[in-house]
Amino acid sequence: MDLSPDTEEYIKESIESSLGLPVSVKSLSLKLLASEDARHRLQDQIFVLEERLTEADKRLEQCRAEANMNAQGVKRCVEEKEMIASKYADLVNHCRKLEEECSLYERDLERIMESCDELGKENEELRARLDDNSGVQSLGAEVESLKKDKEHLRINLHRAEEEVKLLFQENKMLDEDNKRLLELLKRERSRQGSDSHKRSATASAKGKRKSSPNDCSSPPGRMIDFAAADSSRQPLSPLHQNSPESRMHRK
1 MDLSPDTEEY IKESIESSLG LPVSVKSLSL KLLASEDARH RLQDQIFVLE ERLTEADKRL
61 EQCRAEANMN AQGVKRCVEE KEMIASKYAD LVNHCRKLEE ECSLYERDLE RIMESCDELG
121 KENEELRARL DDNSGVQSLG AEVESLKKDK EHLRINLHRA EEEVKLLFQE NKMLDEDNKR
181 LLELLKRERS RQGSDSHKRS ATASAKGKRK SSPNDCSSPP GRMIDFAAAD SSRQPLSPLH
241 QNSPESRMHR K
């Protein structure tokens with residue numbers, strides 16, 4: 001089999017090198033050039049690998065920063081959801097207090113109506129006694145007192161009706177706020193689920209898209225001031241100084 005001259009030369013130099021014979025300068029030069037070429041190729045590969053490593057580090061930092069921003073956004077969403085839940089609980093408590101006050105006003109109205117009926121009966125009795133009693137002046141004074149009591153009761157009844165109307169309007173506003181807060185809570189829950197889906201999609205996008213940390217921030221809506229609404233309302237009371245019992249004692 002015929003071999004090429006280069007192959008024969010390479011075999012010859014290998015045999016001479018293995019036998020300890022001196023190698024020609026040409027062979028050494030060729031080997032040096034080959035080693036230099038191999039070193040350059042290795043250096044180029046090192047540069048390419050370093051560039052890839054740098055890019056990988058940058059992508060890793062971007063992913064970390066984006067994960068940080070997503071974590072902060074999720075934290076803000078959770079805090080807002082807790083705040084909305086707390087406000088909803090406050091509204092429920094406030095509604096319960098208003099219902100208790102409404103029941104108090106209803107009982108006061110019932111007592112006022114009963115007092116009005118009793119005063120009407122007493123007025124009729126006094127009118128009947130006025131025809132037969134000689135003490136006309138005393139009965140006239142009692143009639144005037146009954147008229148004043150009737151006027152006071154009418155004023156109290158009108159005031160109680162106005163308070164009931166006001167409480168009805170406040171209950172209506174609170175019902176609207178409750179519905180709005182429930183809708184907001186549902187939107188926050190659905191938005192939190194969509195944020196988790198976005199985080200998984202962002203990890204596969206090689207860090208080219210940056211998420212906004214303010215996506216979960218939502219307007220808290222109209223704030224309700226309970227300082228004025230929680231002022232204690234005292235239930236109306238019947239007029240003790242002109243009640244039937246007090247008049248019986250005076251007699």
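For the sequence shown, the residue numbers in the UniProt record's numbering are 1 to 251.
Ideal placement from N, C-alpha and C gives every residue a C-beta, glycine not left out.
Each residue's CA atom was taken as its position, placing isoleucine 84 and leucine 185 some 7 angstroms apart.
Looking at Arg129, Arg111, His158, the one whose alpha-carbon comes closest to that of valine 143 is Arg129. With respect to leucine 166, cysteine 95 sits apart: the two C-beta atoms are not nearer than 7 angstroms.
Ranked by Cα distance from glutamate 188, the options Ala160, Ile46, Arg76 are led by Arg76.
By the Cβ neighbour-count rule, glycine 140 is exposed, with fewer than 16 other Cβ atoms within 10 Å of its own. Here the C-alpha atom of lysine 150 lies approximately 59 angstroms from the C-alpha atom of valine 78. With contacts defined as CB atoms closer than 7 angstroms, isoleucine 112 and leucine 182 fail to qualify as a contacting pair.
A direct Cα-to-Cα measurement between leucine 42 and valine 25 gives close to 25 angstroms. Aspartate 108 places its beta carbon less than 7 angstroms from that of alanine 160. A Cβ-Cβ contact shorter than 7 angstroms links glutamate 163 with tyrosine 105. Distance from leucine 146 to glutamate 122 at the Cβ level is roughly 7 angstroms; contact confirmed, criterion being Cβ atoms closer than 8 angstroms.
Distance between glutamate 99 and lysine 172, taken at the CA atoms: about 12 angstroms.
Per the coordinates, the alpha-carbon of aspartate 90 lies some 60 angstroms from the alpha-carbon of glutamate 50.
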